[in-house]
Amino acid sequence: MFRTALVILAFVVGVLAATAQSAMKVPDAQDWGTMRLPKQQFVEAELPIENVAKSGILKILEVKPGCGCTKTDPDKWELKPGEVAKVKIKLNLTPSQSGPIVKTVTIKGLLGSDTIVKVVMLKVNLERVLLIGPSTFVSFNDAAVGAESTVPMTMENPSNTSIKISKVIIDGMIKADLPDGTVLGPREKRELIVRCTPDKPGQISGSIRFTVSGNGDDDEFIVQAYGNVLKVAGK
621 MFRTALVILA FVVGVLAATA QSAMKVPDAQ DWGTMRLPKQ QFVEAELPIE
671 NVAKSGILKI LEVKPGCGCT KTDPDKWELK PGEVAKVKIK LNLTPSQSGP
721 IVKTVTIKGL LGSDTIVKVV MLKVNLERVL LIGPSTFVSF NDAAVGAEST
771 VPMTMENPSN TSIKISKVII DGMIKADLPD GTVLGPREKR ELIVRCTPDK
821 PGQISGSIRF TVSGNGDDDE FIVQAYGNVL KVAGK
């Protein structure tokens with residue numbers, strides 16, 4: 621009998637907890653779909669937070685964005701049944717990103733004594749004029765003072781029309797053979813070697829910035845280089 625009572629109690633507690641969680645209604649995801657990198661380098665949306673409980677005040681405790689996101693405070697912190705608050709979110713994008721990007725926003729609320737936690741997925745798929753592989757980040761893992769280290773990359777034109785690379789700026793400790801005005805033909809794939817010859821121990825830093833024109837669009841890119849120099853060549 622005692623065990624039966626415990627089972628019933630656990631069931632009731634579970635139902636009440638599930639009911640409390642469902643009292644705060646937010647979207648499962650905000651999906652901006654597939655797009656080119658916007659000129660302002662961010663996307664925005666307005667998330668609704670609704671109290672769908674039959675009774676009780678829903679208090680919004682926190683709206684916490686993940687890395688790469690910002691938000692404004694909700695226009696309401698306390699919601700009666702049926703009321704909706706709105707919060708503006710912004711997902712920051714950079715020229716070093718491409719492909720699917722997923723971030724999160726965590727929203728916490730309180731209904732009575734029950735804490736409610738919901739996670740909203742933020743999704744966008746950045747379609748680029750140029751494909752860079754294996755990544756837009758170059759890592760020099762075994763660099764030594766006085767020795768040249770090289771990292772190969774690929775640059776691929778995925779379209780059926782030619783594209784042109786311009787406004788090339790290479791700075792920091794790296795070098796790369798990427799002349800201003802380089803043209804990649806339709807579906808052409810080309811190797812790019814990034815080089816670094818450290819003159820002292822420490823951190824490696826550098827970047828390659830350029831603009832790609834094609835298909836009526838200008839797309840900005842940043843390839844960032846990093847690494848640590850911990851030894852001297854030949855020692």
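Using our numbering, read the sequence shown as starting at 621 and increasing by one per residue.
All residues carry an ideal CB built from backbone N, CA and C; glycine is no exception.
Keep in mind that this is a model prediction, so the values were computed, not measured.
Other residues of its chain near residue i: CB distance less than 6 Å, five sequence neighbours each side excluded
i: GLY766; result: ALA853
i: PHE841; result: PRO715, PHE830
i: PHE757; result: GLN844
Close beta carbons around residue i, own chain, < 8 Å, minus the five adjacent residues each side
i: VAL646; result: LEU667, PRO668, ILE669, GLU670, ILE727, LYS738, VAL740
i: VAL672; result: SER642, ALA643, MET644, LYS645, PRO701, GLY702
i: ASP819; result: VAL765, GLY766
i: THR690; result: ILE709, LYS710, ASN712
i: VAL633; result: Residue confidence is low: VAL633 scores 42 on pLDDT, short of 50, so the model does not pin down where it sits. Its coordinate-derived value is still stated next. Cβ within range, chain order: n/a, list empty.
Local conformation of residue i per DSSP, three classes
i: LYS710; result: strand
i: CYS689; result: strand
i: ARG656; result: coil
i: ALA773; result: This sequence places Met at residue 773; Ala is not what is there. In this structure, MET773 counts as strand in the three-state DSSP scheme.
i: ARG807; result: coil
i: LYS728; result: strand
i: LEU751; result: strand
i: ILE677; result: coil
i: ALA630; result: With a pLDDT of 43 at ALA630, under the threshold of 50, the modelled position of that residue is not reliable, and the figure given next carries that caveat. ALA630 falls in the helix class under three-state DSSP.
i: THR756; result: coil
i: SER607; result: Not covered by the structure: residue 607. The range shown for the chain is 621 to 855.
Residue i Cβ short of 7 Å to the ligand NAD heavy atom set
i: ASP734; result: In the structure shown, the ligand NAD is absent, as is every other ligand, since no ligand is present at all.
For residue i: DSSP bridge partner residues
i: VAL744; result: ILE721
i: GLN650; result: LEU742
i: ILE766; result: The amino acid at residue 766 is misidentified as Ile; the sequence shows Gly. In DSSP, GLY766 forms no bridge with anything.
i: MET644; result: ASN671
i: ALA665; result: ILE709
Buried versus exposed call for residue i [16 or more other C-beta atoms within 10 Å across all chains shown]
i: LEU711; result: buried
i: VAL803; result: exposed
i: ALA796; result: buried
i: ILE789; result: exposed
i: ASN761; result: exposed
i: GLN660; result: exposed
i: GLN650; result: buried
i: SER718; result: buried
i: SER769; result: buried
i: ASN835; result: exposed
i: GLY847; result: buried
Same chain only: Cβ atoms within 7 Å of residue i, ignoring 5 sequence neighbours per side
i: GLY729; result: MET644, LEU678, LYS679, ILE680, LEU681, ILE736
i: ALA705; result: ILE669, ILE680, PRO694, ASP695, LYS696, LEU699
i: ARG656; result: GLU747, ASP837, ASP839
i: SER904; result: The chain is shown from 621 up to 855; residue 904 falls before or after that span and cannot be answered.
i: PRO821; result: VAL765, VAL849, LEU850
i: PRO806; result: ASN777, SER779, ASN780, THR781, SER782
Selection from the options that minimises the alpha carbon distance to residue i
i: SER716; options: MET773, GLN844, VAL849; result: GLN844
i: VAL663; options: LYS684, VAL788, GLY688; result: GLY688
i: SER733; options: ILE794, ASP762, GLY676, THR781; result: GLY676
i: LYS851; options: THR756, ALA763, ASP648, LYS787; result: ALA763
i: GLY686; options: PRO806, VAL722, VAL849; result: VAL722
i: LYS787; options: VAL725, ILE828, ASN835; result: ILE828
i: ALA665; options: SER825, VAL725, PRO778; result: VAL725
i: GLU754; options: MET793, ILE813, THR817, LYS684; result: The question names Glu, but residue 754 in the sequence shown is Pro. Nearest of MET793, ILE813, THR817, LYS684 to PRO754, Cα basis: ILE813.
i: ILE752; options: PRO772, LEU798, GLU776, LEU731; result: GLU776
i: LYS859; options: THR654, LEU731, GLN823, VAL707; result: The question about residue 859 has no answer, for the chain in this structure spans 621 to 855.
i: GLY653; options: VAL683, VAL744, THR692, VAL707; result: VAL744
i: VAL749; options: ASP648, GLY847, ARG815, GLU808; result: GLU808
Neighbour flag for residue i against chain D, beta carbons, 8 Å
i: MET644; result: Considering every chain present, this structure includes no chain D. It has just one protein chain.
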